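Residue numbering for the sequence shown follows this note's numbering, beginning at 2 and increasing consecutively.
Glycine included, each C-beta is placed from N, C-alpha and C at the ideal position.
Quick caveat, the model's predicted, so the values are computed rather than measured.
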Amino acid sequence: MKEKLHNLFNHAVEQLKNVSTVDEFEELRIKYLGKKSELSQVLKDLKNFSQEERASIGKFVNEIKGKMENIFSETIENIKNVEMEKKLKEEVLDITLPGKKIRLGHKNPIQIVLDEIQDIFLNMGFSIEEGPDIDTEYYNFEALNIYKDHPARSEQDTFYIDDTHVLRTHTSTVQIRTMENKKPPIKIISPGRVYRSDALDATHSPVFYQMEGLVVDKDINMAHLKGTLEKFIKTMFGDNIKTKFRAHYFPFTEPSAEMDVSCFVCKGKGCSICKGSGYIEILGCGMVHPDVLERCEINSEEYRGFAFGFGIDRMVMLKYGIEDIRLLYESDLRFLSQF
Ligand code: DAH
């Protein structure tokens, strides 16, 4: 019996020498110290012995068990130490190595200019409204006095989704949506994508960006319109820029105007960019037509408004001297990384 237990212990010691992982160790631990191990069996069988025998055998078995437990716990200590060392070696961090450069993406120039424009208007107390890219003919045309056979419909080559839905051709849709939902005073801008079925070339893209502006309140007049837009242009392009308002026609404003700014390139002398005129056309604007106000249940006797709209892409191109609109949409990093 004693010899058997001695052998068992020696066996365990031998086998533990070859163990290098926690899994292998665990297998041996169950074999030698687990519930079904020989040692446990011997302890269970003690009841078959007489009182005196039980005392002396029990003492011996417990001694062996103690030695066994010691050697097992020493072994697992070693294994864990070795594993930790290995891990430390593998995960060594050399802070003297040169770092890996992380290439950050950055904003498209359209976004850069849009952020700038939004800041200017937010500082003047405007808030931002959004509208859907797919809208009904009503919001895109009728509500803005552009009826079925109006020439303005054919001027804006429209993508139709179905008989009544279009990809909005301008952001003026948001004027209507805002006036339907909010009562004056209203003071909003609304930037967003617009769509026209134009062929893609250096100055046309079927998708481009516009910004709409709308102010409705009591006693609003054309001076507010001019003052606001001049302030915007001067903040954006510098105090030396001159502005000029030319009478124009839009169905949803009366009176209507276009605003021109003195050419940034030739400073008004006349060049190829401004086609010799010294001025560049930059936006459309006017006093909101009373019919448009009434359609949105705003009393046109009591309230007046002004509105304006312009192409953001055009602003970007003018600001940075970009001559081809396609560059703004091609996502070519050689181009984009210059901004
Ligand atoms: N929606 C017009 C366009 O796309 C631009 C415009 C002109 C907007 C006059 C306005 C405005 O708000 O008052 O050509």
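query	result
For K245, report the span of its beta strand (DSSP E) as first-last.	244–251
Only counting the same chain, and skipping five residues up and downstream in sequence, which positions put a Cβ closer than 8 Å to that of H268?	As written in the sequence, residue 268 is Lys, which differs from the His given in the question. The answer, listed in chain order, is N241.
Let me know the secondary structure DSSP gives R197 once reduced to three states.	coil
Alpha carbon to alpha carbon, how far is R305 from E295?	11 Å
Going by beta carbon distance, what residues of the same chain come within less than 8 Å of F336, once the five residues before and after it are set aside?	L328
If distances are taken between C-alpha atoms only, which option among E64, F122, G132 comes closest to L6?	E64
Measuring from each Cβ to the nearest heavy atom of the ligand DAH, keep the ones under 6 Å and list them in chain order.	H171, S173, E213, F251, T254, G285, C286, G287, A308, F309, G310
Could you tell me whether the Cβ atoms of C297 and M180 are closer together than 7 Å?	yes
Check this for me: beta carbons of Q211 and T172, under 7 Å apart or not?	yes
Nearest by alpha-carbon distance to G132: which of Q42, G193, E70 is it?	G193
Considering only the alpha carbon of each residue, which of M125, S74, F160 lies closest to P207?	F160
From I234 to I121, what does the alpha carbon distance come to, in whole angstroms?	10 Å
Which of the three DSSP states is assigned to V93 in this structure?	coil
Taking 8 Å as the cut-off, does the stretch 256–264 touch the stretch 276–290 (at least 3 CB pairs, one atom from each stretch)?	yes
Where does P252 land, buried or exposed, given buried means 16+ other C-beta within 10 angstroms?	buried
Terminal residues of the continuous alpha helix (DSSP H) containing L334?	334–337
What residues in its chain sit with their C-beta under 7 Å from that of C272, if we drop five residues either side in the sequence?	C264, V266
Go ahead and label P110 buried or exposed: buried means 16 or more other beta carbons lie within 10 angstroms of its beta carbon, across all protein chains shown.	buried
Report back the beta-carbon spacing between L347 and K3 to the nearest angstrom; my notes put them in contact at under 8 Å.	Shown here, the chain extends from 2 to 340; a query on residue 347 therefore has no answer.
Within 10 angstroms of the Cβ of L94, are there 16 or more other Cβ atoms? Answer buried if so, exposed if not.	exposed
Ends of the beta strand (DSSP E) at V216?	208–218
If you scan the stretch 143–186 from start to end, which runs of the alpha helix (DSSP H) of 4 or more residues do you find wholly inside it?	152–156, 174–182
Give the DSSP-derived three-state secondary structure of S273 in the structure shown.	coil
Mind reading off the beta-carbon distance from N146 to H290? Whole number of angstroms is fine, and I expect it under 8 Å.	6 Å
Per DSSP, P192 forms a beta bridge with which residues?	M212
State the DSSP-derived secondary structure class of T229, mapped to helix, strand or coil.	helix
Kindly give me the distance between the Cβ atoms of R389 and D136, rounded to whole angstroms, as I take these residues to be in contact under 8 Å.	In the structure displayed, the chain extends from 2 to 340; residue 389 sits before or after that span and is not available.
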